[in-house]
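To convert, count from 1 in the sequence shown and add 692; that's our numbering. Beta carbons are placed, not taken as given, at the ideal position from N, Cα and C, and that holds for glycine. Predicted model, so just to flag it, every value in this text is computed and none were measured.
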Amino acid sequence: MRRYKLQKIAELGNFENIIQFTDQPEHDDFRYYGTWAEDHFKNSNPISLELACGKGAYTLALAEKYADRNFIGVDMKGSRLWTGCVEAQKRGLTNVAFLRIEILNLAHYFSEGEIDEIWITFPDPFLKNGKIRKRLTATRYLAVYKHVIKEGASIHLKTDSNPLFDFSLKSLIENRCVIEEKIDDVYDDERLHEDLYIKTNYEKRHLADNRVIKYVRFSLAI
Ligand SMILES: C[S@@+](CC[C@H](N)C(=O)[O-])C[C@H]1O[C@@H](n2cnc3c(N)ncnc32)[C@H](O)[C@@H]1O
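Following this line, the structure appears as structure tokens:
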């Protein structure tokens with residue numbers, strides 16, 4: 693199993709739709725910094741990020757649905773990103789890219805306000821006390837998002853984890869974020885939110901375990 697993962701990671705080097713931290717040791721000279729749309733996607737369309745994308749379910753589904761937008765899936769696990777890269781190629785999606793980095797380093801790869809939207813899909817809940825600072829809605833991560841996202845643009849969080857959801861709402865309030873919409877049970881809500889019904893790999897497992905999926909959309913304080 694381990695070898696199989698390593699083989700996938702080795703293959704990433706041949707793909708054109710992924711950029712890895714290993715390709716770019718000098719972060720400040722990153723070749724698409726501030727020019728992702730023009731130089732990588734060859735257009736001037738808005739850019740959405742999917743953070744903690746794993747195999748990139750949201751990146752792929754949204755890219756198919758919104759051909760006039762660009763989507764970048766971000767994760768540090770190469771073997772999971774491999775699936776997203778292969779799938780994007782199979783589906784002929786030219787508005788998809790993947791970035792293999794630690795999310796805390798986003799500001800080295802995107803200029804101020806370069807990003808139009810962020811999705812955070814089923815991030816690890818990091819339930820042990822000592823690991824809470826690794827949660828993707830902790831203050832230090834919100835500060836990074838603030839650097840790269842346009843003023844007032846939306847960030848979407850989907851999770852099955854009550855502790856992570858409660859922590860996130862508290863962190864958003866502490867950081868003076870604007871909570872635009874909150875749904876306590878995505879699949880038992882009167883409002884129709886087509887994009888919320890895209891199911892990631894983890895989500896499918898959680899639904900099979902009868903877990904409730906929660907959602908919040910927010911923007912960062914100015
Ligand atoms: C529970 S999985 C969810 C994957 C996918 N969104 C899904 O729902 O199937 C969480 C993912 O977040 C990634 N991750 C967690 N913290 C990260 C960080 N700080 N930087 C980059 N990736 C991170 C992990 O590598 C993992 O693939």
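In its chain, beyond the 5 residues on either side, Gly765, Gly776 have a beta carbon closer than 6 Å to the beta carbon of Gly748.
In the structure shown, Tyr907 adopts extended strand secondary structure according to DSSP, grouped into three states. Arg868 carries a coil assignment under DSSP once its states are collapsed to helix, strand and coil. Take the alpha-carbon of His732 and the one of Phe910: they are about 28 Å apart. Unbroken alpha helix (DSSP H) runs of no fewer than 4 residues, entirely contained in the region 720-805, are found at 749-757, 770-782, following chain order.
Here the alpha carbon of Tyr724 sits roughly 11 Å from the alpha carbon of Lys734. Under the criterion of beta carbons closer than 8 Å, Tyr758 and Ile890 do not qualify as touching, at roughly 12 Å. Judged by beta-carbon spacing, Leu849 lies within the 8 Å limit of Tyr907, meaning their Cβ atoms are closer than that value. Counting only residues of its own chain and dropping the five nearest sequence neighbours on each side, Ser736 has a CB closer than 7 Å to the CB of Ala729, Glu730.
DSSP places Leu899 inside the alpha helix (DSSP H), whose first and last residues are 893-900. Residues of the same chain with a CB within less than 8 Å of the CB of Ala799, apart from the 5 flanking positions on each side, are Val836, His839, Val840 in chain order. Spanning the alpha carbons of Leu888 and Val878 requires a straight line of approximately 7 Å. Between Trp774 and Lys700, the C-beta gap is smaller than 8 Å, which places the two residues in contact.
Here DSSP, grouped into helix, strand and coil, assigns His848 to strand.
Under the DSSP assignment, Thr829 falls outside any alpha helix (DSSP H); it carries neither an H nor an E label. Distances from the CB of Phe814 to the heavy atoms of ligand 1 include at least one below 7 Å. In this model, Glu882 and His898 are separated by some 21 Å (Cα to Cα). Residue nearest to Thr786 within the set Gly805, Asn797, Asn762 is Asn762 (criterion: CA-CA distance).
Apart from the 5 residues on each side of it in sequence, Phe707 sits with its Cβ closer than 6 Å to the Cβ of Cys777 in its chain, given in chain order. Residue environment: Ile711 is assigned as buried (16 or more neighbouring CB atoms within 10 Å of its CB, all protein chains considered). For Arg772, the CB contacts under 6 Å within the same chain, skipping 5 residues up- and downstream, are Gly746, Lys747 in chain order. Cβ contact annotation for Val788 (same chain, cutoff 7 Å, sequence separation greater than five): Asn709, Thr751, Leu752, Ala755, Phe763, Ala780, in chain order.
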